[in-house]
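First to last, the protein sequences are chains U and F.
Sequential numbering of the first sequence, starting at 112, is according to our numbering.
Sequential numbering of the second sequence, starting at 8, is according to our numbering.
These notes are about the structure you will find just below.
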Amino acid sequence: MVRKNVNILVAILLSSFLVLAGCSSKSTDKSSSKNEAANKPDTFVYGIDGDPGNAVNVITTGDRYGLMEIKTLYSPLYMYNGKDNVKYFLAESMTPSEDFLTYTAKLRKDVKWHDGQPFTADDVVFTYEQMLKEENGGWARSQLLFNNQPVKVEKVDDYTVKFTLPTVSMGALEALGNIFIMPKHVYDGETNIANSTKNATPVGTGPYKLKEYKAGESVTFEKNDDYFLGAPKIAKVVYRIIMDPNTATMALQKGEINALAIQPSDSNKLKGSNVTLKPYDEGRIGYLAFNLSSKAVQEKEVRQAIAFGVNRDEINTASYISTDYSKPAYSFLPKKATYFTDKVEKHTFDTKKAKDLLSKAGVSNLKLKLAFIANNPIQQKQAAVIQQNLKAAGISVELVGMDATALSKKLQSVQTDFDMYLSGYIMGIDPDTFNSLFVTNGEANYMHYSNPKVDELFNQGRVEKDEAKRKAIYEEIQKLIIEDAAFYPLTENKRILAIDSRVKGIEEAGLVPVYTFEDMSKLSY
Amino acid sequence: MLKYIFKRILQAIPLLFIISIICFTLIQLAPYDAVDAMTTPNMTKETVELIKARYGLDRPAYLQYFYWVKGIIGGEWGYSIVTHESITNDLSARIPNTILLVLPAYILALFFSIILGLLAGANKGKLADKIIDGLSSFGIAIPSFWMAMILVFIFGHRLNIFPILGMHTIGNEESFFDLLSHMVLPCTVLMLSFIPELVRYVRSSAIGQLSEDYVMVQQAYGANPTSIVFKHVLRNVLLPIITIVGMSLPMLVTGAVVTETVFGWPGIGTYFVKAIQGFDYPVVMAIMLLSASLVIIGNLVSDILYSIVDPRIKGMGE
């Protein structure tokens, strides 16, 4: 009995080994021929370092890769890229009334959903209603509330929609845009959009249709020949999930993928290969901010001392290597935002001044904690240089590296675990979209900053119809915020897209924040 | 024999229940509210209550536990609160991928370890033993992500023999050979990380067996050393190996986290890490329960196998 069973065990082990060994040796000689077939020029493979999941929907999806998928499958009415740069998709026009209280959208008449149904004003009204329903948890709900009142969305006829605002808001054109429209005939009656099984088989109006989602591996799209802006030129698009940045860079060099967002420090590795680097502006501001719940940084002089004590240019060179990838930032607004000005206090690096300010405030032996995301290579370098700079000014800084989720949880609460932190944001074009960062109790006001004058100016700016007066208001806000020295802008950095040199039409497709391509149908080989 | 097996299975059931209670309690004790992952700070109290009610978070903990266990027994593991996906679907898509990677690697590792371990044990103190034992120490010390990057660089990049990404080449999902060529590098990395420990185990077990009386008897009869080792010692060395194999069962789920991340393999590892980072508590709970249960089941299976292979054990149990 014993002998027999052991024999069987050995036999199983042996045979399974032989089978496997046989297979793997065969696979060796096959694989090289497979690699050549990998990049048929009818497929565009974009490497991403997150999994968008299979529940992507226009209401609750808010992460970068989920939104990239949304942009490929669905279309918005229009994308607001700047005051004179509105790109229309499902809408042909969006016009405000004289008093800026109603906006009228004229819709395209030639648009079909992926399942062949016509697109009409009903879909638009349905989408905005779902976005406004509080229990749906829609990502854009707060931007559709004006003075805590929701915008009213009505169908005028099949191809006209009227938006009525409760109060005047000069940022409304931007706030109402960039929302992707979902099909009413599919989602009607669905009570739980976030968990709906319909999300697995999305029906959109975008340039591509979803072909297959493979958990943790890839999302595959095939072209929509009926796309209203012309059929896409590349038949298949794949978002390939690669969590490890080293593997991803190597896969790009090998040609297993055709595009990837890379770190500045990897840019030299890729020079001279078959890959082109396209740094583009996302309007992202990277900053150093103070946690105003913390006692140590209550005094303005202390914060100013730190602002003078750090060397912005040195920090940026250390973290972004070249000015091709990053420009110094002085205001809380990025350059492409309306009413941007850099005529603010620049806090030019001056260790002596920092020391003077500290002694004026009567503070000595200052010890501060600086929080940042531990595995973010950019923030690691920024933090290291800040620590060095401030040491020279007589301030000792303890670096507190944290997990990204843990840090964001901390920031959302009132706590004194650290005195300063590194972070960044991508907001919008109109300066009003930045208000939640700075107004008292704003939802993204992680500094817990409060300046009644700033609050008041933001409220005035939102409703001011006169162009020149509005400009003056926002320039004033930019000056005030920097003078309070609670917020120290470091850099306006670019995202570096490394893309297969054979890919054409990148200018026409347009590189935009978050989604990468504004219209993927224009890419070609 | 059957009675013993039956008894062991009965003993495992309460253990599984205790494990499920521990998993649930640990998550309940974690210093955050599960509803935070679904709400934003500007939501009103009523909305938060509404969401709580929708996910059953307003009920007392023991009821929540009851619903959770009921769901698990019925094959319904709930939804991720970050991606809103069904956990059952997510797990059933990813677990086979991980098993596909870990199982062949483990079997190969076991096979090589037995040979190398016996060789080292039989030649204790000699050159072969020193080399094998030294390399094992070296192997235990090497982090697997480093090994993975080295293999990727040499075989994937420089020599360009194997693909380095995922399970399939795009557009070639049906091809079995394509899958195999994708498996070679990650499997090798895993195998190299499994081997050292197993070799040391087999080696020490072989050294123990070689000092037994039956070996001396064989030697006295003039049997040649190779046949002693592979005919008689091997059999006895395999017995404790069964325990090791049984204990390794949870590796089928969580055994390749690092390797999967490096090779972009769509398995359970990356999914689990992501869930922990995102406070996705239903997912964390599901995987915790799964791997804890596998420890118990692994023990159970190795006990049963042991009793089949070695009847002496059964006698001790009674």
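Yeah, the Cβ is synthetic: ideal placement off N, Cα and C, and Gly gets one too.
These numbers come from a predicted model, not from an experiment.
(request) Might you give, ordered along the chain, the residues of its own chain that have their beta carbon closer than 7 Å to the beta carbon of A495 (chain U), omitting 5 neighbours on each side? (result) Reading the first sequence from its first residue, position 384 is the one you call residue 495 (chain U). Around A495 (chain U): no qualifying Cβ.
(message) Report the start-end ranges of each alpha helix (DSSP H) in the segment 9-44 of chain F that is 4 residues or longer and not cut off at the edges.
(response) 9-36
(message) Please confirm whether V291 (chain F) has its beta-carbon closer than 8 Å to some beta-carbon of chain U.
(response) Here residue 291 (chain F) corresponds to residue number 284 of the second sequence, with the count starting at 1. By this cut-off, V291 (chain F) is not an interface position.
(request) Would you mind sorting T459 (chain U) into buried or exposed? The rule is 16 or more other CB atoms within 10 Å of its CB. (result) Against the first sequence, residue 459 (chain U) aligns to sequence position 348. Classification for T459 (chain U): exposed.
(message) Counting only C-beta atoms, is M198 (chain F) closer than 8 Å to chain U at any point?
(response) On the second sequence, residue 198 (chain F) is found 191 positions in, with the first residue counted as 1. By this cut-off, M198 (chain F) is not an interface position.
(request) Can you tell me which of the three DSSP states G535 (chain U) falls into? (result) Here the question's residue 535 (chain U) lines up with position 424 in the first sequence. G535 (chain U): strand per DSSP, three-state reduction.
(request) Apply the 10 Å Cβ neighbour rule to Y228 (chain F) and answer buried if 16 or more other Cβ atoms are within range, or exposed otherwise. (result) Residue 228 (chain F) sits at position 221 when you count from the first residue of the second sequence. Classification for Y228 (chain F): exposed.
(message) If distances are taken between C-alpha atoms only, which option among U:K263, U:S307, U:T271, U:A465 comes closest to N165 (chain U)?
(response) What you label residue 165 (chain U) is simply residue 54 of the first sequence in a count that begins at 1. Of the listed residues, the one whose Cα sits closest to N165 (chain U) is U:S307.
(request) Reducing DSSP to helix, strand and coil, say where I311 (chain F) ends up. (result) The residue given as residue 311 (chain F) occupies position 304 in the second sequence. It is helical.
(message) Can you confirm whether G285 (chain F), when its beta carbon is compared against all beta carbons of chain U, has any partner nearer than 8 Å?
(response) To locate residue 285 (chain F), count along the second sequence from 1; it is residue 278. Yes, G285 (chain F) counts as interfacial toward chain U.
(message) Closer than 8 Å is the cut-off here; do at least three beta carbon pairs connect the segment 215-224 of chain F with the segment 278-290 of chain F?
(response) These segments do not touch.
(message) Among U:D611, U:T183, U:Y599, whose alpha-carbon lies nearest the alpha-carbon of P439 (chain U)?
(response) Translated into the one-based positions of the first sequence, residue 439 (chain U) becomes position 328. Closest in C-alpha terms to P439 (chain U), from the list U:D611, U:T183, U:Y599, comes U:Y599.
(message) Under 8 Å, Cβ to Cβ, is there at least one residue of chain U near K281 (chain F)?
(response) In the second sequence, counting from the first residue as 1, residue 281 (chain F) sits at position 274. At least one chain U Cβ lies under 8 Å of K281 (chain F).
(message) Please list, in chain order, the chain U residues whose beta carbon lies closer than 9 Å to that of H164 (chain F).
(response) To locate residue 164 (chain F), count along the second sequence from 1; it is residue 157. The contacting residues are M361, Q364, K365.
(message) Using a Cβ-Cβ cutoff of 8 Å, what residues of the segment 320-352 of chain U are near chain F? List them in chain order.
(response) K325, A326, G327, E328, S329, T331, K347, V349, R351, I352
(request) Please name the residues in the segment 86-105 of chain F whose beta-carbon is closer than 7 Å to at least one beta-carbon of chain U, in chain order. (result) Y86, T90, H91, E92, D97, A100, R101
(request) Determine whether the Cβ of M258 (chain F) lies closer than 8 Å to any Cβ atom of chain U. (result) On the second sequence, residue 258 (chain F) is found 251 positions in, with the first residue counted as 1. Cβ-Cβ to chain U under 8 Å: no for M258 (chain F).
(request) Would you decide whether F24 (chain F) is buried or exposed? Buried here means 16 or more other CB atoms lie within 10 Å of its CB. (result) As a first step, residue 24 (chain F) is located in the second sequence; it is residue number 17 there, counting from the start. Exposed: under 16 other Cβ atoms inside 10 Å.
(request) Taking only the alpha-carbon atoms, compute the straight-line gap between A326 (chain U) and M354 (chain U) and give it to the nearest angstrom. (result) For the purposes of this step, residue 326 (chain U) is taken as residue 215 along the first sequence, with counting starting at 1. For the purposes of this step, residue 354 (chain U) is taken as residue 243 along the first sequence, with counting starting at 1. The alpha-carbon atoms of A326 (chain U) and M354 (chain U) are separated by roughly 13 Å.
(message) For G63 (chain F) and I294 (chain F), what's the separation of their Cα atoms in angstroms?
(response) Mapped onto the second sequence, residue 63 (chain F) falls at position 56. Mapped onto the second sequence, residue 294 (chain F) falls at position 287. Cα to Cα, the separation comes out at about 21 Å.
(request) Report the neighbours of D514 (chain U) on chain F: residues whose CB is nearer than 8 Å to its CB, in chain order. (result) Mapped onto the first sequence, residue 514 (chain U) falls at position 403. Close partners of D514 (chain U) in chain F (Cβ separation under 8 Å): Q284.
(message) Could you give the first and the last residue of the continuous alpha helix (DSSP H) run that contains F73 (chain F)?
(response) As a first step, residue 73 (chain F) is located in the second sequence; it is residue number 66 there, counting from the start. From DSSP, the alpha helix (DSSP H) with F73 (chain F) extends over 68-80.
(request) Counting only the same chain and skipping the five closest in sequence on each side, list residues whose C-beta sits under 6 Å from that of T551 (chain U). (result) Position 440 of the first sequence, counting from 1, holds the residue named residue 551 (chain U). So the qualifying residues of the chain are S561, D566.
(message) What residue range does the beta strand (DSSP E) around V156 (chain U) cover?
(response) Counting from 1 along the first sequence, the entry for residue 156 (chain U) is found at position 45. If you look at V156 (chain U), you'll find it in the beta strand (DSSP E) that goes 154-159.
(request) Give me the Cβ distance between Y176 (chain U) and I159 (chain U), rounded to the nearest whole Å; I'm assuming they're in contact under 8 Å. (result) As a working note, residue 176 (chain U) is residue 65 in the first sequence. As a working note, residue 159 (chain U) is residue 48 in the first sequence. Correct: roughly 5 Å between the Cβ atoms.
(request) Return helix, strand or coil for R351 (chain U), following the three-state DSSP convention. (result) Your numbering for residue 351 (chain U) matches position 240 in the first sequence. Of the three classes helix, strand and coil, the one that applies to R351 (chain U) here is strand, per DSSP.
(request) Determine contact between the segment 473-487 of chain U and the segment 611-628 of chain U, defined as no fewer than three beta-carbon pairs at a distance below 8 Å. (result) no
(message) Cutting at 7 Å between CB atoms, please list the residues of its own chain near S93 (chain F), excluding the five before and the five after it.
(response) Locating residue 93 (chain F) in the second sequence gives position 86, where the first residue counts as 1. For S93 (chain F), where only same-chain residues beyond five positions count, the Cβ hits under 7 Å are Y86.
(request) Since I believe A135 (chain F) is in contact with A127 (chain F) (beta carbons under 8 Å), could you give me their beta-carbon distance rounded to a whole number of angstroms? (result) Along the second sequence, read from residue 1 onward, the residue named residue 127 (chain F) stands at position 120. Along the second sequence, read from residue 1 onward, the residue named residue 135 (chain F) stands at position 128. Indeed they touch by this definition, with Cβ atoms about 6 Å apart.
(message) Which residues in chain F have a C-beta closer than 9 Å to the C-beta of V386 (chain U)? List them in chain order.
(response) Here residue 386 (chain U) corresponds to residue number 275 of the first sequence, with the count starting at 1. Those within 9 Å of V386 (chain U) in chain F number zero; the least Cβ separation is about 14 Å.
(request) Taking all protein chains shown into account, decide if A132 (chain U) is buried (16 or more other Cβ within 10 angstroms of its Cβ) or exposed. (result) Within the first sequence, numbered from 1, the residue matching residue 132 (chain U) stands at position 21. Note that A132 (chain U) scores 41 on pLDDT, short of 50, meaning its location in the model is unreliable and no value can be drawn from it.
(message) Which residues in chain F have a C-beta closer than 9 Å to the C-beta of T358 (chain U)? List them in chain order.
(response) Mapped onto the first sequence, residue 358 (chain U) falls at position 247. Residues of chain F passing the Cβ test: A155, M156, V159, G163, I171, L172, T268, V269, F270, G271.
(request) Please name the residue in U:S470, U:R423, U:K463 whose C-alpha comes closest to that of A503 (chain U). (result) The count along the first sequence starts at 1 and reaches residue 503 (chain U) at position 392. It is U:K463.
(message) Please report whether the beta-carbon of T154 (chain U) lies at a distance below 8 Å from any beta-carbon of chain F.
(response) If you number the first sequence from 1, residue 154 (chain U) lands on position 43. Under the Cβ distance rule, T154 (chain U) counts among the residues neighbouring chain F, one pair being separated by less than 8 Å.
(message) Check whether the segment 357-366 of chain U and the segment 299-311 of chain F touch, using three or more Cβ-Cβ pairs below 8 Å as the test.
(response) no
(message) On the CB-based measure, 16 or more other CB atoms within 10 Å of its CB, does F13 (chain F) come out buried or exposed?
(response) On the second sequence, residue 13 (chain F) is found 6 positions in, with the first residue counted as 1. So F13 (chain F) ends up on the exposed side.
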